[in-house]
Each structure stands twice: as C-alpha cells, then as structure tokens.
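So the structure is just underneath, and the comments pick up after that.
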Amino acid sequence: MKAPVICIDGPNASGKGAISRALAEHLGWHRLDSGVLYRALGLAASRRSLSPADSGVLAALAAELDVDLHGERILLDGEDVTRELGTEEAGTEASRVAVLAPVRAALLERQRGFRRPPGLVADGRDMGTVVFPDAKWKVFLTASPEVRAARRYNQLRHQGMDVSLAGLFEAIRERDERDRLRDTAPLRPANGALQLDTTHLGVSEVLACVIEHVRTTGRSMRPEVSGEQGGDGHRQRTCGDT
Ligand code: C5P
C-alpha cells in the first residue's frame, strides 16, 4: 500500500506553501515543497552560466542535484541557500528551467521519493496532474493577481527584502503565464480537484476547508488514473460542496 498523498497545486502566492505546511503539521505527515527543487536547479544553473538551451546538461544536473531540505532550511552543495532561493528572481530562474521536459523527467522520481508513511502533503504546479496522479486528494488554490502580488510583497518585505509591488506584480504575471502555457506539465487543476479561490480567505479558513474536504471526501473520492496531462474537464468544487 502506497502512503496517502494530498496534492496542493496552484499559481504563485495562492497560499500553497502556508496551507501545505500547516496541513502537514496538523496531520503529522511529511511535506514536499516541489518548487524548492526547481528553484535550487535554477540557482545551480545560473551559477554555472547554463541557459535553457542547454537542456541536456540541465537534465543531468537535475538528476544529480545535491539539494538537502532540512525543515525550512535548504542546502545546495552543502551551502545554506534558503534566503537566496526565496527571492522572486529565484522563482523566475526556476520557471525558465521548469519548462524543459528532460528536466521535469529527471526530477520526477526524486519527488515521488518523498511519499512515505504516514503520508505526504505535496505542493507545486503538477502534483495532482503528473507527479502523484493517483493521489486521493487534490486541491487547486487560486486568488486574484492583485492579492497574490500583495501577499508576496508582504512576505518578502517581512524577510527584509527590498521589492516593489509593481515589479512583483509583473514578475508574477510573467511567471504564471510561463507555467500555464508550457507544453510539459502546465499549471492547471487536476481532474476532480477541489478548487478554492482564496482571495478573501485567511490561512485558517482555507486550512479548515481543506481539512473538511480530506475528512469528508477521502473515502468516496475515486483515485485518479494516470494520463492526467491530457485530461480535460474537471469537476469544480467549492468549500462545503463535497
Ligand atoms: O512554487 P515556487 O514559486 O517555489 O516555484 C517556482 C517555480 O518552479 C514555478 O514558477 C514553476 O515554474 C516551477 N515549478 C514547477 N513545478 C512544480 C513546482 C514548481 O514547474 N511542481
């Protein structure tokens, strides 16, 4: 029996990180922040002056990437790069390498390796569609672009980073577009995902909604079949509509 997985996907600053962290803590499950792997690869690539045109080299780098996730700390080649990876620039670098199919293939098994008892909460862009298509629970979070930019602005300012709201808005818009329009594992809700617009919701409200969804629909939700990528039409659900 494979360990259970809850997938939390969505665009930038839709609340995935906060929700998956809180949910994993609540359940006592493991957590995978898959964006960290792409951010670490983006940083490793820019340190080696590699561009997306070097897709073969990037895929090889992805396969042997020395990245260690120590709770909230991230080590790349043994160096603590947590702060560097938290910038919007690191997100942009990540999204440039993330369009490459060989890179995504190289990171697939590593991500699946995080699936361990008692369970995994995994967040990213393609957790429900590609990485864990058989997951019992899939959630897709959204929020208005303005609110997402404001959230990221507050988060980065809180960490002492000097950012502008207008600059972030534009960077996030571009990154979302790249993530949505790429050919491999584009950002989109998985079939059957619970879709939640978090524009007017706080973390505790979204968390309560997801916990309710897990409790009430877990047993009856049909497991997804593989081949999600080509799937079409997904049941839109809202909180309380289980
Ligand atoms: O979630 P985060 O902002 O850390 O992700 C950074 C970038 O990594 C995303 O914009 C996306 O391009 C890429 N990514 C991805 N698939 C994932 C997680 C992240 O393509 N599962």
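Letter by letter, the sequence shown follows residues 0 to 241 in numbering that gives the first Met the number 0. We put the CB at the ideal spot given by N, CA and C, even for glycine.
Residue j beta carbon less than 8 Å from that of residue i
| i | j | result |
| --- | --- | --- |
| arginine 114 | valine 4 | yes |
| alanine 89 | arginine 38 | yes |
| leucine 313 | glycine 16 | A query on residue 313 cannot be resolved here, the shown segment of the chain reaching from 0 to 241 and no further. |
| aspartate 178 | proline 10 | yes |
| aspartate 67 | leucine 74 | yes |
| valine 35 | leucine 84 | yes |
| leucine 119 | histidine 29 | yes |
| proline 51 | valine 80 | no |
| alanine 170 | threonine 91 | yes |
| serine 54 | leucine 99 | yes |
| cysteine 6 | alanine 105 | no |
| glycine 41 | alanine 2 | no |
| methionine 137 | glycine 191 | According to the sequence provided, residue 137 is lysine. The question's methionine does not apply to it. A contact, by the Cβ cut-off of 8 Å. |
Assigned exposure category for residue i - 16 Cβ within 10 Å defines buried
| i | result |
| --- | --- |
| glycine 232 | Bear in mind that the predicted position of glycine 232 carries a pLDDT of just 40, short of 50, making it unreliable; the figure below should be weighed with that in mind. It is exposed - the Cβ of glycine 232 has fewer than 16 other Cβ atoms within 10 Å. |
| proline 132 | buried |
| glutamate 71 | exposed |
| leucine 167 | buried |
| arginine 82 | exposed |
| proline 116 | exposed |
| threonine 254 | Nothing can be reported for residue 254: it is not among the residues displayed for the chain, which extend from 0 to 241. |
| valine 202 | exposed |
| glutamate 250 | Residue 250 lies beyond the stretch modelled for the chain, which goes from 0 to 241, so this question has no answer here. |
| alanine 21 | buried |
| glutamate 63 | exposed |
| serine 225 | Its pLDDT being 38, under 50, serine 225 is placed unreliably in this model, and the coordinates cannot settle the point. |
Nearest-angstrom Cβ-Cβ length linking residue i and residue j, presumed shorter than 8 Å
| i | j | result |
| --- | --- | --- |
| serine 143 | threonine 183 | No, serine 143 and threonine 183 are not in contact; Cβ-Cβ is about 27 Å, not under 8 Å. |
| isoleucine 18 | leucine 206 | 6 Å |
Check: residue i C-beta below 7 Å from any heavy atom of the ligand C5P
| i | result |
| --- | --- |
| methionine 160 | no |
| arginine 46 | no |
| aspartate 125 | yes |
| alanine 142 | no |
| aspartate 33 | First, the amino acid is wrong: residue 33 is serine here, not aspartate. Checking the Cβ of serine 33 against the ligand C5P gives yes. |
| tyrosine 152 | no |
| arginine 174 | yes |
| arginine 257 | Lying before the first or after the last residue shown, residue 257 is absent from the chain, which here runs from 0 to 241. |
| aspartate 324 | Residue 324 is absent from the structure shown; the chain starts at 0 and stops at 241. |
| glycine 201 | no |
| asparagine 11 | yes |
| alanine 93 | yes |
| glycine 14 | no |
| alanine 134 | no |
| glycine 166 | no |
| glycine 112 | no |
Q: Only counting runs of 4 or more residues, tell me where the alpha helix (DSSP H) segments fall wholly within the region 77 to 135, in order along the chain.
A: 81 to 84, 87 to 96, 100 to 111
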